[in-house]
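Have a look at the structure below, then the notes.
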Amino acid sequence: MATHEVTFLTDPYTWTTLSFVLVAGFGGFKAVKGISAALDKRAQKISDELDEAQRLREEAQELLANYQAKQREALKEADEIRAHAKAEADRMLESAQAELKAALKRREQQALERISNLESQAVAEVRAHVAEIAAKATTALVTDKVSGAKADELVNGAIAEIKGRLN
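Just remember that the numbering used here sits 96 ahead of the position in the sequence shown, which is counted from 1.
Right, here's the structure in full:
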């Protein structure tokens with residue numbers, strides 16, 4: 097039998113190993129390239145999500161700042177409205193008090209005028225009644241003591257004099 101000498105290039109183990117290394121290297125390169133692409137894609141997606149989250153956060157902060165400004169403005173407006181309403185209420189109260197004082201003063205004046213009119217009327221009635229009584233008494237006295245034309249003259253004079261003094 098002839099013996100072949102096994103050299104490195106003729107050894108099947110060498111070619112199997114070389115084939116395996118080439119297939120594994122090519123496959124590994126493709127796998128690494130695919131994994132790398134997937135990781136890059138995932139990293140890009142995460143980066144985009146982070147950018148979107150940052151943009152949303154900034155928008156939320158802007159909205160929050162706007163709403164806080166609107167709230168401050170609304171509170172300021174509410175304070176102004178409350179102050180205006182208080183001032184208006186105070187003014188209306190002062191006006192109502194002044195009107196009440198004026199109305200009470202008018203009523204008091206009207207009451208005083210009525211009392212004065214009633215007093216004057218009562219005094220006039222008393223004077224008229226006194227004059228009438230005095231006239232009757234004079235008539236009765238003169239009729240008892242004086243007679244005739246002289247009596248009529250004295251009665252008429254006394255009545256005129258009493259009426260003149262009382263009115």
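Each residue gets a CB set at the ideal place from its N, CA and C atoms; glycine is no exception.
Please read all numbers here as calculations on a predicted model, not as lab measurements.
Cα-Cα separation, residue i to residue j
i	j	result
valine 251	alanine 199	53 Å
alanine 194	arginine 187	10 Å
threonine 113	threonine 103	15 Å
glutamate 101	tyrosine 109	14 Å
leucine 160	isoleucine 177	25 Å
glutamate 145	arginine 138	10 Å
leucine 214	glutamine 205	14 Å
lysine 197	lysine 172	37 Å
arginine 151	alanine 127	35 Å
Contacting residues, own chain, Cβ-Cβ under 6 Å from residue i (five flanking each side not counted)
i	result
valine 222	none
Cβ distance (whole Å) where residue i is taken to contact residue j below 8 Å
i	j	result
lysine 259	alanine 218	In fact, because the Cβ distance is near 18 Å, the residues do not count as touching under 8 Å.
threonine 234	isoleucine 211	Contact doesn't hold; Cβ gap of about 34 Å is too wide.
Own chain residues within Cβ distance below 8 Å of residue i, not counting five before or after
i	result
methionine 97	Unreliable positioning characterises methionine 97 in this predicted model, as indicated by a pLDDT of 49, which lies under 50. The coordinate reading is nonetheless provided below. Correct list: empty, nothing qualifies.
Same chain, Cβ closer than 7 Å to residue i, neighbours up to 5 away in sequence not counted
i	result
alanine 230	Ile258
Near the ligand HEM: residue i beta-carbon under 7 Å from a heavy atom
i	result
glutamine 167	Inclusion of the ligand HEM in the displayed structure is not the case, the ligand content being empty and no account of it being possible.
*Taking only runs that begin and end inside the segment 204 to 263, name each unbroken alpha helix (DSSP H) of 4 or more residues, in chain order.*
Counting only runs of 4 or more residues that sit fully inside the segment 204 to 263, the alpha helix (DSSP H) segments are 245 to 262, in chain order.
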